[in-house]
Amino acid sequence: MNQFDVTVIGSGPGGYVAAIRAAQLGFKTAIIEKYNTMGGTCLNVGCIPSKALLDSSEHYHNATHTFENHGINVGTVTADIQRMVARKNEVVEQTTKGIQFLMDKNKITVFHGVGSFESATKIAVTKEDGSKESIASKYTIIATGSKPSSLPFIEIDKKRIITSTEALNLQEVPKHLIVIGGGVIGLELGSVYLRLGAKVTVVEYMDKIIPGMDGALSKELQKVLKKQGMKFELSTAVSGVTNNGDTVTVTATNKKGEEVSFEGDYVLVSVGRRPYTEGLGLENAGVELDERGRVKVNEHLQTSVANIYAIGDVVAGPMLAHKASEEGVLVAEQLAGQKPHINYNLIPGVVYTWPEVAGVGKTEEQLKAEGVAIKVGNFPMRALGRSRASGDTDGFIKIIADAKTDEVLGVHMIGARAADMIAAAVTAMEFRASAEDIARMSHAHPTFAEAIKEAALDATAKIAIHS
């Protein structure tokens, strides 16, 4: 029987990073992946392919909507969705092959098959052909991720009623895409097809979109997407979805208590994700789950069984690839006797619409609920020279600081390149910067990042220079 120091089940951003770090630290390491390609949801049917389609659709949108403003006349422009999907697949293939290269480089043994516990130290790998192989491992890291959730009365047929996985492989642009759920996944994929000419209607149970982010971001993003043509039905509870053949009907109850219905040719169900633990044989090892089906862990990400750990979407916390990667590193370094730390308050969240949305730290709503005295600085992107030069004038930067100490408690932004700029806020907050600290740092001109400095000035003393 093969014996390893560390075995990782799942090769997503949490799993493969955990395996690499463990190997770097001298552990004999194995990784088990049930699919033929490495990378998990993120690289295969999540982060990477969705961004590839978002970028392709954004190029098309610019060619048809903004090039003329820049003095670029391109004539008739058409979108080839099949080529876009093919390019997306090429990007995915390159990326997953890169993970395989890293496995080889770090001398990590890869097993393809379903990993399940036979005991706390033995794992069976069931291959596609049904054959089994058992391995022994001193430590195991569960990194099996998550899968799309649905509603109990909706049958996902993967043809007209689809999840994000199928939405990444459509061979035609929908005439009318109905998106159930106004969270990150629904808005990103809705944006892809909106740009390509689809009518898009978002049906959301809550009274706002991206409900987990700062309320000001929610309002601004809805306003901008509405301007782009996306329609919103908020405070609306879906009660049924029917596939009629070439069309799909969604029935719901709106905020007035009225029965309403929407008809489209595709329905994207994006109501969140749930931890994936099926087939793991957790009961054979004694690993416990919580009431939401997540693996129970302590502050060290250790399960109820001392030598088994769990990371990423399968445990509590935001379902984000970068959070999973940080947790993978943390576990590997703990096993090596180091004392790493993750500040979960400083895990940034991003929505890759255009403009992009990003936030880190506490929201204004959270801080008010906690009774924290705060001061808030805002700066509109339209007041920025770089924004006017590029034509990306939607959005703002918002900085929330402690009213007494001036320490930055939250940074929330919507605008061009927000996904990249949020890293500056994370860095500042990691070192417990004050708003005045940021305000006194030199920011290159002209850049989008200058808006961070201006918002900090506004938070410090309401002395933003350019607004």
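Mind the numbering: the sequence shown is residues 1 to 467 in UniProt numbering, read in order.
Just so it is clear, CB atoms sit at the ideal spot from N, CA and C, and this is done for glycine as well.
Nothing here was measured: the structure is a model prediction, and the numbers come from that model.
Per DSSP, Ile-400 is not a residue of any alpha helix (DSSP H); the beta strand (DSSP E) it occupies stretches across 396-402. Judged by DSSP in its simplified three-state form, Asn-345 adopts helix. Secondary-structure assignment with DSSP links Leu-268 through a beta bridge to Ile-162 and Val-179. With a threshold of 16 other beta carbon atoms within 10 Å, His-412 meets it and is buried. The stretch 224-239 makes contact with the stretch 199-211; the number of CB pairs closer than 8 Å reaches 3 or more. In the DSSP annotation of this structure, Met-421 is not part of any beta strand (DSSP E); the continuous alpha helix (DSSP H) holding it starts and ends at 418-430.
A contact is defined here as three or more CB-CB pairs under 8 Å, and the stretch 152-166 fails this definition with respect to the stretch 22-37.
Under the three-state reduction of DSSP, Ala-252 is assigned to strand. In the structure shown, Ala-136 adopts extended strand secondary structure according to DSSP, grouped into three states. Contact between the stretch 344-355 and the stretch 184-192 is present, with at least three C-beta pairs closer than 8 Å. For Arg-274, the closest C-alpha among the options Gly-75, Ala-52 and Ser-150 is that of Ser-150. Bounds of any beta strand (DSSP E) do not take in Arg-382, whose DSSP letter is neither H nor E. By the neighbour-count criterion, in which 16 or more other beta carbons inside 10 Å mark a residue as buried, Pro-13 falls on the buried side. Here the stretch 79-92 does not lie against the stretch 245-257, with fewer than 3 beta-carbon pairs under 8 Å apart. Between Arg-440 and the set Ala-459, Phe-448, Leu-268 and Ala-423, the nearest pair of CA atoms involves Ala-459. Apart from the 5 residues on each side of it in sequence, Glu-326 sits with its Cβ closer than 7 Å to the Cβ of Ile-342 in its chain, given in chain order.
By a beta-carbon distance limit of 8 Å, Val-6 contacts Ser-137. Their separation comes to about 7 Å.
CA-CA distance, Ala-451 to Lys-127, rounds to 53 Å.
For Val-238, DSSP records a beta bridge to Ala-252. The Cβ atoms of Gly-240 and Ile-178 lie no closer than 8 Å to each other. DSSP, read as helix, strand or coil, puts Thr-78 in coil. Rounded to whole angstroms, Leu-217 and Ser-131 show a C-alpha spacing of 51 Å.
By the neighbour-count criterion, in which a residue is buried when 16 or more other Cβ atoms sit within 10 angstroms of its Cβ, Thr-41 is buried. Contact check for Val-173 and Leu-196: beta-carbon distance about 5 Å, within the 8 Å limit, so the pair qualifies.
Taking Pro-380 as the centre and dropping the five residues before and after it, the same chain places the C-beta of Phe-396 closer than 6 Å to its C-beta, in chain order.
Between Met-429 and Ala-449, the CB-CB gap reaches or exceeds 8 Å. The stretch 56-68 and the stretch 25-34 do not touch, with fewer than 3 CB-CB distances between them shorter than 8 Å.
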